[in-house]
Amino acid sequence: MQSIPSNQAQVAQRNLLTNLISRTQSFVPQLIARMRADIPNYARLDVALLLPDATLTLDRLLQVVAEGREFTQTELAVLTAHGEARGRQDVPVTDMFSAWRIAIRTIADELISSGRERNVPDHVLLDTITELLQTSDAAIHAIASGHHQVEVERARHAQEHRADLVRAILLGTLGPAEIRFRADHYGLDTGREYRAIRARPTAAAPADRLIRLFEGAHSSDRPRSLIALVDGDVAGIMDDPPTGTIDAAIGIGPSARLDQMERSFRHATRAMATAEAFGLTGIHDLADLGLLPAVLADAEIGDELVRRYVTPLGDGAAAAVVLDTVHHYFINNRRVDHTAEAMHVHTNTIRYRIHRFEELLGVDLDNADTALETWWALQRIRLSKPVAPFPIT
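First residue of the sequence shown? That's 4 in the working numbering, and the numbers climb one at a time after it.
So this is what it looks like as structure tokens:
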């Protein structure tokens with residue numbers, strides 16, 4: 004293959020591209036016709052909307068190749084705006100890429116055809132096509148970035164809209180008619196009852212994983228949950244909680260209609276706050292937490308009982324052993340043999356420590372009131388600091 008000097012090759016390449024730039028307005032309509040014929044999502048768009056964007060975009064592309072430089076920030080902004088426009092017209096990014104491939108293929112065909120007519124050497128044509136493809140990569144990156152910005156913006160608006168509805172249902176700020184109208188948009192059966200749920204995300208169970216777990220808990224084709232991230236917590240409604248191990252504190256309330264979820268949400272919030280405060284994971288309702296919600300909520304009583312049943316023992320190692328034994332004693336339903344087995348010590352050791360506790364404090368753990376107050380004090384000291392329920396406002 005015969006070559007020509009590099010300066011002549013550059014001139015030939017520039018002339019070839021300049022000629023094509025002068026003809027963009029003639030071949031771009033044909034290009035758009037191909038796009039509309041091959042891609043249904045382009046067929047539904049008005050040609051008058053596509054033509055100016057396509058002409059401007061291809062002019063910029065060819066000009067950059069002709070001048071052998073990179074895109075300026077202004078030119079990149081034009082390309083980004085092109086991607087944004089397709090995104091706002093609901094053209095999927097995959098279709099946009101397909102349209103771009105059609106455009107580049109058409110330009111390459113035009114360059115080859117024009118080059119043949121002008122007797123441009125093959126190596127010049129090859130170099131020109133190579134530079135076109137390289138510049139095209141930078142262009143489509145900017146276009147895709149614009150499309151992505153629209154997708155992110157729409158996703159954010161959808162999340163905000165969803166969170167607003169979840170908040171309104173849980174706080175009872177919408178009437179029945181408005182709830183039905185807005186819930187129908189998400190496919191919810193507004194005639195059934197749901198349970199409020201609230202979870203505090205953790206490193207082991209981040210918010211996105213909790214949302215997927217709660218939304219995928221049902222087997223029906225119709226959505227039976229509405230979950231969103233609200234004030235840092237995963238909150239919403241569902242008909243049945245998921246099963247299995249979940250490494251997060253989760254509270255769930257009783258069943259209620261969508262326009263009567265306030266009480267259910269209060270219960271879910273209190274259950275979550277209690278579970279988190281006591282280091283419990285998984286799904287809990289107020290019933291299975293027993294008196295722990297009261298221990299958390301009534302700090303004054305808890306502190307008074309700590310002064311009565313814990314403080315007199317001191318804070319030494321011996322006191323810690325006695326308190327730990329009493330704690331296990333309650334866990335094992337005040338069965339000495341079960342407590343000894345759980346703590347891997349002799350039953351006589353357990354009896355001695357229980358007796359020592361009773362002796363030092365002048366109490367009898369066989370007394371129901373004393374046992375309850377002691378248990379309450381032990382639960383209170385499990386809390387490193389007072390923790391209040393976390394209201395969504």
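For each residue, glycine too, the CB sits at the ideal point set by N, CA and C.
Task: Cut-off 7 Å between Cβ atoms - residues of its own chain near residue 260, not counting five sequence neighbours on either side - done: Residue numbering aside, residue 260 sits at position 257 when the sequence shown is read from its first letter. Non-local beta-carbon contacts of residue 260 in its own chain, meaning distances under 7 Å to residues more than five positions away in sequence, involve 196 in chain order.
- [ ] Output the residue ranges of the alpha helix (DSSP H) runs that lie fully inside the stretch 39 to 77 and measure 4 residues or longer, sorted by chain position.
- [x] Fully enclosed alpha helix (DSSP H) runs of 4 or longer: 43 to 46, 50 to 70.
TODO: Check whether the stretch 260 to 273 touches the stretch 175 to 191, taking contact to mean three or more Cβ pairs, one atom from each stretch, closer than 8 Å.
DONE: Cβ pair count under 8 Å is three or more, so yes.
Task: Per DSSP, the bridge partner or partners of residue 233 - done: What you label residue 233 is simply residue 230 of the sequence shown in a count that begins at 1. In the DSSP secondary-structure assignment, residue 233 is bridged to 236.
Task: Strand pairing of residue 254, partner residues [DSSP] - done: Indexing the sequence shown from 1 puts residue 254 at position 251. Residue pairing by DSSP places residue 254 opposite 201, 287 in a beta bridge.
Open item on the list: Let me make sure I understand the geometry here. Which of 217, 202, 53, 74 has the alpha-carbon closest to that of residue 271?
Closed with: Residue mapping note: residue 271 aligns to position 268 of the sequence shown, counting from 1. Taking each of 217, 202, 53, 74 in turn and checking the Cα distance to residue 271, the smallest one comes out for 202.
Open item on the list: Tell me the residue span of the alpha helix (DSSP H) that contains residue 371.
Closed with: Locating residue 371 in the sequence shown gives position 368, where the first residue counts as 1. Looking at the DSSP string, the run of the alpha helix (DSSP H) that includes residue 371 is 371 to 383.
- [ ] Per DSSP, which residues does residue 259 bridge with? Please list them.
- [x] Within the sequence shown, the letter at position 256 stands for residue 259. Answer by DSSP bridge pairing, in chain order: 197.
Task: Exposure of residue 136, with buried meaning 16 or more beta-carbon neighbours within 10 Å - done: Residue numbering aside, residue 136 sits at position 133 when the sequence shown is read from its first letter. With fewer than 16 Cβ atoms within 10 Å of its Cβ, residue 136 is classed as exposed.
Task: CA nearest to the CA of residue 58, picked from 229, 81, 47 - done: By 1-based counting over the sequence shown, the position of residue 58 is 55. Measuring from the Cα of residue 58, the nearest candidate turns out to be 81.
- [ ] Would you identify the three-state DSSP class for residue 241, choosing helix, strand or coil?
- [x] Locating residue 241 in the sequence shown gives position 238, where the first residue counts as 1. Note: residue 241 maps to strand in three-state DSSP.
Task: Contacts around residue 16, its chain only, beta-carbon distance under 6 Å, and the 5 residues preceding and following it disregarded - done: Counted from its first residue, the sequence shown places residue 16 at position 13. These residues qualify, in order along the chain: 127, 131.
Open item on the list: Using a Cβ-Cβ cutoff of less than 8 Å, which residues in the same chain neighbour residue 355 once the five nearest sequence positions on both sides are dropped?
Closed with: If you number the sequence shown from 1, residue 355 lands on position 352. Counting only Cβ-Cβ distances below 8 Å, and skipping sequence neighbours, we find nothing.
Open item on the list: Short of 8 Å in beta carbon distance, which residues of its chain neighbour residue 169, apart from the five on each side in sequence? Order them along the chain.
Closed with: Your numbering for residue 169 matches position 166 in the sequence shown. If the five residues before and after residue 169 are omitted, its C-beta is found closer than 8 Å to the C-beta atoms of 229, 230, 231, 233, 238, 239, 240, all from its own chain and listed in chain order.
TODO: Return the chain-ordered ranges of every beta strand (DSSP E) run that is complete within the stretch 137 to 212 and spans a minimum of 3 residues.
DONE: Runs found: 197 to 203.
TODO: In the DSSP assignment, find the unbroken alpha helix (DSSP H) run with residue 270 in it and report its ends.
DONE: Counting from one through the sequence shown, the residue named residue 270 turns up at place 267. It spans 265 to 280 - the alpha helix (DSSP H) in which residue 270 sits, taken as one unbroken run.
Task: Residue ranges of each alpha helix (DSSP H) within the stretch 91 to 132, 4 or longer - done: The stretch 91 to 132 contains, as complete alpha helix (DSSP H) runs of 4+ residues, the segments 96 to 120 (chain order).
TODO: Mind reading off the beta-carbon distance from residue 386 to residue 316? Whole number of angstroms is fine, and I expect it under 8 Å.
DONE: Locating residue 386 in the sequence shown gives position 383, where the first residue counts as 1. Locating residue 316 in the sequence shown gives position 313, where the first residue counts as 1. About 18 Å separates the Cβ atoms of residue 386 and residue 316, ruling out a contact at the 8 Å cut-off.
- [ ] Could you check the C-alpha separation between residue 344 and residue 368 for me, to the nearest Å?
- [x] For the purposes of this step, residue 344 is taken as the residue at position 341 of the sequence shown. For the purposes of this step, residue 368 is taken as the residue at position 365 of the sequence shown. If you take the alpha carbons of residue 344 and residue 368, they lie about 20 Å apart.
Open item on the list: At the level of alpha carbons, what is the spacing between residue 48 and residue 194?
Closed with: The residue given as residue 48 occupies position 45 in the sequence shown. The residue given as residue 194 occupies position 191 in the sequence shown. Those two C-alpha atoms are separated by around 40 Å.
Open item on the list: In whole angstroms, give me the CA-to-CA distance for residue 149 and residue 101.
Closed with: The sequence position of residue 149 within the sequence shown is 146, counting from 1. The sequence position of residue 101 within the sequence shown is 98, counting from 1. Going from the Cα of residue 149 to the Cα of residue 101 covers about 16 Å.
TODO: State yes or no: is the beta carbon of residue 103 nearer than 9 Å to at least one beta carbon in chain C?
DONE: The question asks about chain C, but that chain is absent: this structure has only one protein chain.
- [ ] With a threshold of 8 Å, establish whether the CB of residue 42 neighbours any heavy atom of the ligand FMN.
- [x] With respect to small molecules bound, the structure shown includes none, and the ligand FMN cannot be examined in it.
- [ ] Could you tell me the distance, in whole angstroms, from the CA atom of residue 29 to the CA atom of residue 109?
- [x] In the sequence shown, the residue the question calls residue 29 occupies position 26. In the sequence shown, the residue the question calls residue 109 occupies position 106. Put simply, the backbone Cα of residue 29 is about 13 Å away from that of residue 109.
Task: Euclidean distance between Cα positions of residue 242 and residue 215 - done: In the sequence shown, counting from the first residue as 1, residue 242 sits at position 239. In the sequence shown, counting from the first residue as 1, residue 215 sits at position 212. Whole-angstrom Cα-Cα distance: 15 Å.
Task: Distance, residue 92 Cα to residue 2 Cα - done: Given that the chain is displayed from residue 4 to residue 396, the structure contains no residue 2 and the question cannot be resolved.
Task: Burial state of residue 20, where buried means 16 or more other Cβ atoms lie within 10 Å - done: Stepping through the sequence shown from its first residue, residue 20 is reached at position 17. Buried, because 16 or more other Cβ atoms sit within 10 Å of the Cβ of residue 20.
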